[in-house]
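Let me begin by presenting the structure, written as structure tokens, before commenting on it.
Number of protein chains: 4
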Amino acid sequence: MTTTPADDIDETARRSIGARRNPASQEAILDAAEAILNEEGIAGFSIEAVARRARAGKPTIYRWWPNRTTLMLDVYKRFKITREFPDTGTLRGDLIAFLENQLLGFWKDRLCGTVYRAVIAEAQHDPDAAAALFAYQAERKKVALDMVDRAKARGEVDEAVNGELIIDMIVSFAWHQLLLDRVDEAIKVIDGVVDGVLMGCAGYQREDLGVV
Amino acid sequence: MTTTPADDIDETARRSIGARRNPASQEAILDAAEAILNEEGIAGFSIEAVARRARAGKPTIYRWWPNRTTLMLDVYKRFKITREFPDTGTLRGDLIAFLENQLLGFWKDRLCGTVYRAVIAEAQHDPDAAAALFAYQAERKKVALDMVDRAKARGEVDEAVNGELIIDMIVSFAWHQLLLDRVDEAIKVIDGVVDGVLMGCAGYQREDLGVV
Amino acid sequence: MTTTPADDIDETARRSIGARRNPASQEAILDAAEAILNEEGIAGFSIEAVARRARAGKPTIYRWWPNRTTLMLDVYKRFKITREFPDTGTLRGDLIAFLENQLLGFWKDRLCGTVYRAVIAEAQHDPDAAAALFAYQAERKKVALDMVDRAKARGEVDEAVNGELIIDMIVSFAWHQLLLDRVDEAIKVIDGVVDGVLMGCAGYQREDLGVV
Amino acid sequence: MTTTPADDIDETARRSIGARRNPASQEAILDAAEAILNEEGIAGFSIEAVARRARAGKPTIYRWWPNRTTLMLDVYKRFKITREFPDTGTLRGDLIAFLENQLLGFWKDRLCGTVYRAVIAEAQHDPDAAAALFAYQAERKKVALDMVDRAKARGEVDEAVNGELIIDMIVSFAWHQLLLDRVDEAIKVIDGVVDGVLMGCAGYQREDLGVV
DNA sequence: GCGTAACCGAGACGGTACGTCGGGTCTTCCG
DNA sequence: CGGAAGACCCGACGTACCGTCTCGGTTACGC
Chain Y
1 MTTTPADDID
11 ETARRSIGAR
21 RNPASQEAIL
31 DAAEAILNEE
41 GIAGFSIEAV
51 ARRARAGKPT
61 IYRWWPNRTT
71 LMLDVYKRFK
81 ITREFPDTGT
91 LRGDLIAFLE
101 NQLLGFWKDR
111 LCGTVYRAVI
121 AEAQHDPDAA
131 AALFAYQAER
141 KKVALDMVDR
151 AKARGEVDEA
161 VNGELIIDMI
171 VSFAWHQLLL
181 DRVDEAIKVI
191 DGVVDGVLMG
201 CAGYQREDLG
211 VV
Chain V
1001 MTTTPADDID
1011 ETARRSIGAR
1021 RNPASQEAIL
1031 DAAEAILNEE
1041 GIAGFSIEAV
1051 ARRARAGKPT
1061 IYRWWPNRTT
1071 LMLDVYKRFK
1081 ITREFPDTGT
1091 LRGDLIAFLE
1101 NQLLGFWKDR
1111 LCGTVYRAVI
1121 AEAQHDPDAA
1131 AALFAYQAER
1141 KKVALDMVDR
1151 AKARGEVDEA
1161 VNGELIIDMI
1171 VSFAWHQLLL
1181 DRVDEAIKVI
1191 DGVVDGVLMG
1201 CAGYQREDLG
1211 VV
Chain L
2001 MTTTPADDID
2011 ETARRSIGAR
2021 RNPASQEAIL
2031 DAAEAILNEE
2041 GIAGFSIEAV
2051 ARRARAGKPT
2061 IYRWWPNRTT
2071 LMLDVYKRFK
2081 ITREFPDTGT
2091 LRGDLIAFLE
2101 NQLLGFWKDR
2111 LCGTVYRAVI
2121 AEAQHDPDAA
2131 AALFAYQAER
2141 KKVALDMVDR
2151 AKARGEVDEA
2161 VNGELIIDMI
2171 VSFAWHQLLL
2181 DRVDEAIKVI
2191 DGVVDGVLMG
2201 CAGYQREDLG
2211 VV
Chain E
3001 MTTTPADDID
3011 ETARRSIGAR
3021 RNPASQEAIL
3031 DAAEAILNEE
3041 GIAGFSIEAV
3051 ARRARAGKPT
3061 IYRWWPNRTT
3071 LMLDVYKRFK
3081 ITREFPDTGT
3091 LRGDLIAFLE
3101 NQLLGFWKDR
3111 LCGTVYRAVI
3121 AEAQHDPDAA
3131 AALFAYQAER
3141 KKVALDMVDR
3151 AKARGEVDEA
3161 VNGELIIDMI
3171 VSFAWHQLLL
3181 DRVDEAIKVI
3191 DGVVDGVLMG
3201 CAGYQREDLG
3211 VV
């Protein structure tokens, strides 16, 4: 009875490991969530589905993640670790690398892009999700700001330049393309976008309208 | 008895008006949808709720709007009609007016902003919604492109300038701020954004890196 | 073009023929109803389906048949005409023929059986249908009673015999088998049933319990 | 806070009692179903209505009863339990008691008869319902067959007698009368029906037609 | 070394909303 | 006026998830 190893797959079912969080369960849940987002997209993502796939109880999920947004964010953060901000020596190169590595290029991996889209969508009707997303991207932007500060230090751009705005324009463009599911096309025009942000459009002079 | 307008709502129950769309029903449905979005926000918005409030049958709604996104888009379009693209005489003025009237300034009205945020969110997991939104905003961008074309005709900018990109940058910025619920703050920096798009950042010269 | 009668059914769409009932429409509706019952069974039978198939408007159906039961009964009556009561010379032969021709044998044709089953089912929650069915089968039973009366005249059975009961038993058996969808099996045991009704079960004597 | 008993009606709301069937819910659902059938008849009987009345979720009903027929059958079975097959000592007495207690006499109670009629009607267009009904009545008939077997053991009837047919005739008669809403009249002639089944009709001899 | 607290899986619970189907009524337009 | 067409409101269908709850079982910790 106790020795029927063949037909009993559940033999390896996770159990409680005492009065503390079971890392195996958490990992299995995150794995399942990631797999579902990967295979079925945002639409197929539900707590039920994650629990089913992870062979976990729903309360176990709700115990550690109050809502699906936080769960998605955790999935996103898990594979966000690696990429780094390189220092190419020029602001233009840095911004291009920013778009290519951190934003569009990162989201080009369907899974990453899908998850981030889901988080953004979720944030539109869930204040908690909005707060989490806001905090996350604010922190990312702050790091990105270093690129502009380095350029200022090199004398590449005026001290008066609004660095936040430049970063915002780059990030805005990337978000927009992501949300319209045009990441692949957007990657091809990264250079033009960065040039536009840095130099404006040909024919326009800073003095034309008496702007400082 | 027959003239108790106050407590007898059913008196005015809409009936079929023959084998054609009943404008009264459509209006009632759009009214209900708008009211729900206004009072309860995106979270409370469901076809069921709209049908209940509009005293309409669900099939009547599904007959004319295949999904809730198209319904939300119609609500959005209904109060979008009024606003017009002014011709201020300069591209800079046009773009500022674009942001002030069509985008941020329009979304500043909480309801309008809420609806559009909902539509964008919906489009992230519903292909139909994505298609509807894509079509809508592509058409809007096409109209907006006239602003750049006018500027080209005036010789204000080079013929070679990528008009689509300029519009994209403006719209991207507006979306980004909307989705982060920062419309009010964004309105204050509209001038700076337009200047950035048109002239880049001070200190940067088109020849710096040998770009054409 | 105008003379392709074979493959263009829509061309011949029926129109009003003035302020009177259009026989073509009625026939088309009955045909459609019969076809649906034949192909999809009772479950697929709905006014909507009939109207669709007959290319008729729902109101046209409701104008002439107040409910689906009357429509089904009309379908049933349409092919009920033919079969006759034969006179085989013995009550046993008559009853066997009754079951074989009028009841089970008739219902063996899936369509006929299906329709009658539907009518009986409908009568269980529709008083109008019940009345129609009751009248119909009462009249059929009255005709069937002639078989017993002929046997009495021949001296085959006592004058005191309850003819109505004999007919009822035969009909009851047939209904029961029809409603349990066992018509085919029932046909094989017709002889035994008739014998049972006429002679009871072996070993039992009328005097056994002092019954008259 | 936790002790506001006055304004909290839901206090008595049934909850899950763990990963197993909640008897209170099942009972409440059957009670509601019975009440609806009693008060509004078959026409008013729907899963939605039962759920509403029982304060239960629709999925809870569908979890345990795949369709409305099985639910109706359960309602039927609930008050069917009590009645027992008596052993009167003679087959005639047993069959009379069978009709008087189990069939016609039982259905005389309007509610019981209504439910069973509804089940039979449902079975005419729902294969699942048909299967459920078929299984139920087959099992009932098997139990009833004991009556004939006892008679055989007593030497009251020949071993060769087809017991199934006898039971079938009795049940058929009862069904027929039930479906024609003539239960009250039928009860008056129970004796004659049983005698007919056991002894056939006067004047007919087993040898008349050379039948064994 | 033994109770107990917190975890685990499982899954039922009351609900809400989904998108579809059919019912029966109504109106318009055409012949 | 008859008949088609089809929209209207209504309500039920059966399904998917929601977030909560209780269960039985399993450690690990503290008394």
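Line order of the protein sequences matches chains Y, V, L and E. Using this note's numbering, the letters of the first sequence correspond one by one to residues 1 to 212. Using this note's numbering, the letters of the second sequence correspond one by one to residues 1001 to 1212. Using this note's numbering, the letters of the third sequence correspond one by one to residues 2001 to 2212. Using this note's numbering, the letters of the fourth sequence correspond one by one to residues 3001 to 3212. Heads up, the beta-carbon is just placed ideally off N, CA and C, and yes, glycines get one too.
If you follow the alpha helix (DSSP H) that residue i is in, where does it begin and where does it stop?
i	result
V/Pro1182	At residue 1182 of chain V the sequence reads Arg, which differs from the Pro that was named. Run containing V/Arg1182: none; DSSP gives neither H nor E here.
L/Ser2025	Pro2023 to Glu2040
Y/Ile120	Arg110 to Ala123
L/Phe2085	Counting along the chain, L/Phe2085 falls outside any alpha helix (DSSP H), and DSSP gives it neither H nor E.
E/Leu3071	Arg3068 to Arg3078
V/Phe1134	Pro1127 to Ala1153
E/Trp3064	Lys3058 to Trp3064
Y/Leu91	Leu91 to Ala97
According to DSSP, simplified to helix, strand and coil, what is residue i?
i	result
Y/Val189	coil
E/Ile3017	coil
E/Glu3011	Here E/Glu3011 scores only 44 on pLDDT, less than 50, and its place in the model should not be relied on; the value that follows carries that caveat. In the structure shown, E/Glu3011 sits in a helix (DSSP, three-state: H, G or I).
L/Asp2158	coil
L/Ala2006	In this predicted model, L/Ala2006 has a pLDDT of only 35, less than 50, meaning its place in the structure is not dependable enough to derive any value.
V/Ser1046	coil
Y/Gly196	helix
E/Leu3103	coil
V/Arg1055	coil
V/Ala1202	coil
Let's test the definition: count the other Cβ atoms within 10 Å of the Cβ of residue i and tell me whether it reaches 16, buried, or not, exposed.
i	result
E/Gly3196	buried
L/Ala2123	buried
L/Ile2029	buried
E/Val3143	exposed
V/Ala1129	buried
L/Arg2117	buried
Y/Ser46	exposed
E/Gly3210	Because the pLDDT at E/Gly3210 is just 42, under 50, the model does not fix this residue reliably, and the value given afterwards should be weighed accordingly. Label assigned to E/Gly3210: exposed.
V/Leu1198	buried
V/Lys1172	The sequence shown places Ser at residue 1172 of chain V, not Lys. The residue in question, V/Ser1172, is buried, as its Cβ has 16 or more Cβ neighbours within 10 Å.
Y/Ala121	buried
L/Asp2126	buried
E/Glu3156	buried
E/Ala3043	exposed
Name the residue from the options whose alpha carbon lies nearest to the alpha carbon of residue i.
i	options	result
Y/Lys58	Y/Glu100, Y/Gln26 and Y/Leu99	Y/Gln26
L/Pro2023	L/Ala2054, L/Glu2040 and L/Ala2043	L/Ala2054
V/Ile1166	V/Ala1033, V/Arg1092, V/Ala1132 and V/Phe1085	V/Arg1092
Y/Arg150	Y/Arg52, Y/Leu71 and Y/Gly163	Y/Gly163
E/Ala3032	E/Glu3048, E/Gly3018 and E/Ala3019	E/Glu3048
Y/Tyr204	V/Glu1159, V/Leu1178 and V/Ile1187	V/Glu1159
Y/Thr88	Y/Trp65, Y/Phe79 and Y/Asn101	Y/Asn101
E/Leu3103	E/His3125, E/Asp3191, E/Ile3187 and E/Arg3014	E/Ile3187
L/Phe2085	L/Arg2078, L/Leu2099 and L/Lys2077	L/Leu2099
L/Ala2035	L/Thr2090, L/Phe2079 and L/Pro2066	L/Phe2079
V/Gly1113	V/Arg1021, V/Lys1152, V/Ala1174 and V/Gly1192	V/Ala1174
E/Arg3020	E/Leu3037, E/Glu3040, E/Ile3042 and E/Trp3064	E/Trp3064
**Message:** What are the residues in the region 3181-3205 of chain E lying within 8 Å of chain L by C-beta distance?
**Reply:** Flagged, chain order: Asp3181, Val3189, Gly3192, Val3193, Asp3195, Gly3196, Val3197, Leu3198, Met3199, Gly3200, Cys3201, Ala3202, Gly3203, Tyr3204 and Gln3205.
**Item:** Positions along the region 1056-1088 of chain V whose CB lies within less than 7 Å of some CB in chain Y
**Value:** Flagged: no residues at all.
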